[in-house]
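> If you count the sequence shown from 1, position 103 lands on 103 in full-length UniProt numbering, and the numbers rise without skipping.
One structure, pasted below without further comment.
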Amino acid sequence: MTEEVNVVVGVIIRNDKILIAKRNAKQHQGGLWEFPGGKVDAGESEVEALARELNEELGIDINPKACQKRQQIHHQYPDKAVNLNIYWVSDFTGIEQAREGQPLKWITKSQLADYPFPEANQPILDELRSEH
Numbered sequence: 001m002t003e004e005v006n007v008v009v010g011v012i013i014r015n016d017k018i019l020i021a022k023r024n025a026k027q028h029q030g031g032l033w034e035f036p037g038g039k040v041d042a043g044e045s046e047v048e049a050l051a052r053e054l055n056e057e058l059g060i061d062i063n064p065k066a067c068q069k070r071q072q073i074h075h076q077y078p079d080k081a082v083n084l085n086i087y088w089v090s091d092f093t094g095i096e097q098a099r100e101g102q103p104l105k106w107i108t109k110s111q112l113a114d115y116p117f118p119e120a121n122q123p124i125l126d127e128l129r130s131e132h
């Protein structure tokens, strides 16, 4: 049976730039770039999971009321299925830090094509590119 993973993703935007992180080479889809986030734990709401994951990974605190759910994506990889719950995050405090040792970059929308992302992220990239 294929593993199914429920994930929250934060598209973090500040001053018209987007924060991306590089996945550890040992992870699923390792070496690719992604939008920060992680798995939703049992008993946790999506926004609670997003707040926890962004604090653990980046050391930032989000304003849950200002998070806007933009997409829900189901993607089937050969080895697992992922349900991505995509939130736009523009209201947060703290300065992002690579708490898990992952490279971080602030990039513009026009730079998105310069970084390889997992296939499941394509709808997010499409939405970002279509915004003015």
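Ideal Cβ placement from N, Cα and C applies to all residues, glycine included.
#1: Return the residue from the list P103, E131, S130 that minimises the CA-CA distance to F35.
#2: Run through the DSSP bridge pairs and tell me what Q97 is partnered with.
#3: Just to confirm the assignment, what range does the beta strand (DSSP E) spanning A66 have?
#4: Between the beta-carbon of I86 and the beta-carbon of Q71, is there less than 8 Å?
#5: Pull up the DSSP beta-bridge partners for G38, would you.
#6: Using CA atoms only, rank isn't needed, just tell me which of I18, I13, R99, R14 is closest to G59.
#7: Using DSSP bridges, identify the partner residues of Y87.
#8: Taking L58 as part of the alpha helix (DSSP H), name the residues at either end of that continuous run.
#9: I need the straight-line Cα distance from N83 to P118, nearest angstrom please.
#10: What would DSSP say about K109, mapped onto helix, strand or coil?
#11: Straight-line CA distance for R52 to G101?
#12: Could you name the residues of the same chain whose beta carbon sits closer than 8 Å to that of T108, not counting the 5 residues immediately before and after it, in chain order?
#13: Measuring CB to CB, does G30 end up less than 8 Å from G10?
Taking the structure as given:
#1: Out of P103, E131, S130, P103 has the C-alpha closest to the C-alpha of F35.
#2: None; Q97 has no bridge partner.
#3: Segment: none, A66 is in no beta strand (DSSP E) and carries neither H nor E.
#4: One thing to note: I86 has its Cβ within 8 Å of the Cβ of Q71.
#5: Under DSSP, G38 shares a beta bridge with V8.
#6: Considering only alpha carbons, the answer is R99.
#7: The beta-bridge partner set that DSSP reports for Y87 consists of G10, K69.
#8: That run of the alpha helix (DSSP H) goes 46-58.
#9: Rounded to whole angstroms, N83 to P118 spans 13 Å at the Cα level.
#10: If DSSP states are grouped into helix, strand and coil, K109 belongs with the helices.
#11: Separation of R52 and G101 (C-alpha to C-alpha, rounded to the nearest whole angstrom) is 17 Å.
#12: Taken in chain order, the residues that qualify are D16, K17, I18.
#13: No, the pair does not count as a contact, with Cβ atoms beyond the cut-off.
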